[in-house]
Amino acid sequence: MDLLFDAFGWLADGANWQGSAGVPARLFEHLWLTAISMAIACAVALPVGLWLGHLGRGGTLAINISNVGRAVPTLAILVLLVLSPVGLSIWATILALVAFAVPPVLTNTYVGMREVDRDAVEAARGMGMSGLQLLRRVEAPLAVPLIMNGIRLATVQVVATATIAALVAGPGLGRIITAGFGRRDYPQMVAGAILVAVLALLIEVLMELLQRRVDPLRAARSTGAQPAAEVLPVIQA
Amino acid sequence: MAVGAAVHAITFSQDCLTRNDWICFEYVRTRSDQILEALQEHVYITAVSLVFGFAVAFGLALLARRRPRLRGLVLGVSTGLYTIPSLALFPLLLIPGLALWGGLSSTTVIIGLVLYSLTILTRGILAGLDGVSPDVKESALGMGYGRRRLLWQVELPMALPTVFAALRVAAVSTVALTTVGVIVGHGGLGNLIFQGFQSNFNAQVLTASVLCVVLAVIADLLLVGVERLTTPWRRVAA
């Protein structure tokens, strides 16, 4: 328990909250890294998932892509990317984060689109909607809960992976942990771990709130309609 | 001539180390003891974590079924644990670890991995047990099965496919997560990956990474095999 006490001592030391290696700077790096990676991942995975789901094709691909990724350790991907021609730039980290964020978004979007009530789709078709109208006005809105589920899982994943990226000189709060490890400074390691854990839990809670807020059928669902099937959260290493 | 060829072979094979090639058998040959040691630690940490994880998850699942009020708590806490990044969880475990089991040891990694596996396994076991058709349970009860016999001879066998699906996911992600144990000095193959990164040693990084994936695939295949052995009736149906 002394270690916990010392860790809080580290956190209480104002010197650790200043400068480019201080907590606020590292937090900003972490959030920035997470945001840009999620933006790229969504820009890639959402259109593909929506389109494949609309067509009902490529399901095996969309599902299996998450299973394959799970077997490859994050650390291995990060190190391999850094040693590769991409090199020790921020883009190696971002590329790795995007690679880990795409599968949950893609899989959940695809499943969400496929689980849309077929009767609703048929009715919309009967009303004369074109494919694109159907996608935009019926399928996508009904798939929002699962799509958001995928984005939430991916964000949690990216926050965790961004932490591991610090082992290979990536920016972010993980650097406080790895720097402590390098100096055998356990209180600093634990202090960094506390910060990372709090950030991850906060982001999870925020994303869950967001997930509930953006559901276009929130009102309908709260009157006793079935909740959307949840895809088992699976986080890669 | 033969001597010349041998000399050439030696200089050539050592070249792949000096050239820092990604694929280098000379590395595997000269550092085989180091690789085996890391592999051994990796397998040990993964296997022990999965065994303990399954035992704890099974107990939690039974508890959650017996006391429905605890169900939300059990699932909530294990999901919350899952949200904590591994690089943070292992150092956090040093807080009790330094006092109880000596801190930077493989025990710290194992406890972290057990905690992570709980989310997947508890959900999987619960889903499997919940999925057993009420008609089947009623028939068994009508035949005079007690609660315990119902669980072990009816519910559990019928839940096995779902349980094994969860075990496979847990096994594959545990193999991968073990590498992060390097932050407390015990990451199995992760140690080799990290050292390889620090010394810019391509062959070491790639070899250890490939071994990780191979290990995950072997674990997955093993579980598929065990599943087939323990659910012979499913082979007939298929």
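Just so you know, the sequences run in chain order Z and F.
First residue of the first sequence? That's 1 in the working numbering, and the numbers climb one at a time after it.
First residue of the second sequence? That's 1001 in the working numbering, and the numbers climb one at a time after it.
Built from N, CA and C at the ideal position, the CB exists for glycine as well.
The model shown is predicted, which means the values in this text are computed figures rather than measured ones.
Terminal residues of the alpha helix (DSSP H) in which residue i lies
{"i": "I1183/F", "result": "Careful: I1183/F lies outside any alpha helix (DSSP H) and carries neither H nor E."}
{"i": "T1083/F", "result": "1068-1083"}
{"i": "I77/Z", "result": "74-83"}
{"i": "D2/Z", "result": "2-12"}
{"i": "S1199/F", "result": "S1199/F -> no alpha helix (DSSP H), and no H or E assigned at all."}
{"i": "G1097/F", "result": "1094-1100"}
{"i": "D1130/F", "result": "1106-1130"}
{"i": "Y1027/F", "result": "1025-1030"}
{"i": "W1022/F", "result": "From DSSP, W1022/F is part of no alpha helix (DSSP H); its letter is neither H nor E."}
{"i": "E139/Z", "result": "First-last for E139/Z: undefined, no H or E at that position."}
{"i": "W1152/F", "result": "That residue, W1152/F, is in no alpha helix (DSSP H); it is neither H nor E in DSSP."}
{"i": "S1133/F", "result": "From DSSP, S1133/F is part of no alpha helix (DSSP H); its letter is neither H nor E."}
{"i": "Q18/Z", "result": "Careful: Q18/Z lies outside any alpha helix (DSSP H) and carries neither H nor E."}
{"i": "L1160/F", "result": "1156-1178"}
Assigned exposure category for residue i - 16 Cβ within 10 Å defines buried
{"i": "D117/Z", "result": "exposed"}
{"i": "I1023/F", "result": "exposed"}
{"i": "S1133/F", "result": "exposed"}
{"i": "F5/Z", "result": "exposed"}
{"i": "V1136/F", "result": "exposed"}
{"i": "P1068/F", "result": "exposed"}
{"i": "M189/Z", "result": "buried"}
{"i": "N1200/F", "result": "exposed"}
{"i": "S130/Z", "result": "exposed"}
{"i": "A1171/F", "result": "buried"}
{"i": "D1033/F", "result": "exposed"}
{"i": "L1221/F", "result": "exposed"}
{"i": "S37/Z", "result": "buried"}
{"i": "Q157/Z", "result": "buried"}
{"i": "L1211/F", "result": "buried"}
{"i": "N1020/F", "result": "exposed"}
{"i": "M127/Z", "result": "exposed"}
{"i": "M1158/F", "result": "buried"}
{"i": "R1123/F", "result": "buried"}
{"i": "T1230/F", "result": "exposed"}
{"i": "P1232/F", "result": "exposed"}
{"i": "A71/Z", "result": "buried"}
Assumed close pair residue i, residue j - CB separation to whole angstroms, cut-off 8 Å
{"i": "I65/Z", "j": "L106/Z", "result": "6 Å"}
{"i": "L1075/F", "j": "G174/Z", "result": "28 Å between Cβ atoms; not a contact."}
{"i": "A124/Z", "j": "L134/Z", "result": "5 Å"}
{"i": "I40/Z", "j": "V98/Z", "result": "5 Å"}
{"i": "G1181/F", "j": "I1045/F", "result": "7 Å"}
{"i": "T1083/F", "j": "G1097/F", "result": "Rounded, the Cβ-Cβ distance is 21 Å, inconsistent with contact."}
{"i": "A92/Z", "j": "V82/Z", "result": "5 Å"}
{"i": "G1188/F", "j": "T1178/F", "result": "5 Å"}
{"i": "T178/Z", "j": "L167/Z", "result": "6 Å"}
{"i": "Q1204/F", "j": "Y1027/F", "result": "6 Å"}
{"i": "S1209/F", "j": "L80/Z", "result": "6 Å"}
{"i": "L75/Z", "j": "G1190/F", "result": "6 Å"}
DSSP state of residue i mapped onto helix, strand, coil
{"i": "V116/Z", "result": "coil"}
{"i": "P238/Z", "result": "A query on residue 238/Z cannot be resolved here, the shown segment of chain Z reaching from 1 to 237 and no further."}
{"i": "P233/Z", "result": "With a pLDDT of 46 at P233/Z, under the threshold of 50, the modelled position of this residue cannot be trusted, and the question is left open."}
{"i": "G1146/F", "result": "coil"}
{"i": "A225/Z", "result": "Because the pLDDT of A225/Z is 45, which lies under 50, any placement of that residue in the model is unreliable, and the question is left without a value."}
{"i": "M1001/F", "result": "Any answer about M1001/F is weak, because its pLDDT of 44 lies below 50 and its placement is not dependable; what the coordinates show is given next. Coil at M1001/F, not helix or strand."}
{"i": "E208/Z", "result": "helix"}
{"i": "R70/Z", "result": "helix"}
{"i": "A1055/F", "result": "helix"}
{"i": "A1219/F", "result": "helix"}
{"i": "M127/Z", "result": "coil"}
{"i": "V86/Z", "result": "coil"}
{"i": "D185/Z", "result": "coil"}
{"i": "V196/Z", "result": "helix"}
{"i": "G239/Z", "result": "This structure leaves residue 239/Z out entirely; chain Z is present only between 1 and 237."}
{"i": "P47/Z", "result": "helix"}
{"i": "D1033/F", "result": "helix"}
{"i": "V214/Z", "result": "coil"}
{"i": "T155/Z", "result": "helix"}
{"i": "G1225/F", "result": "helix"}
{"i": "G1103/F", "result": "coil"}
{"i": "T1230/F", "result": "helix"}
{"i": "R1235/F", "result": "helix"}
contact_flag[the stretch 1119-1137 of chain F, the stretch 1150-1167 of chain F] where n(CB pairs < 8 Å) is 3 or more: Touching, yes.
Given 8 Å, three or more beta-carbon pairs between the stretch 1038-1054 of chain F and the stretch 1102-1121 of chain F: In short, these stretches touch, since the Cβ pair count reaches three.
Three-pair Cβ contact test at 8 Å for the stretch 150-157 of chain Z versus the stretch 203-221 of chain Z: Per the Cβ contact rule, the stretch 150-157 of chain Z is in contact with the stretch 203-221 of chain Z (3 or more Cβ pairs under 8 Å).
Residues of the stretch 53-74 of chain Z with Cβ closer than 9 Å to any Cβ of chain A, in chain order: Checking the listed chains, one finds no chain A in this structure; the protein chains it contains are Z and F.
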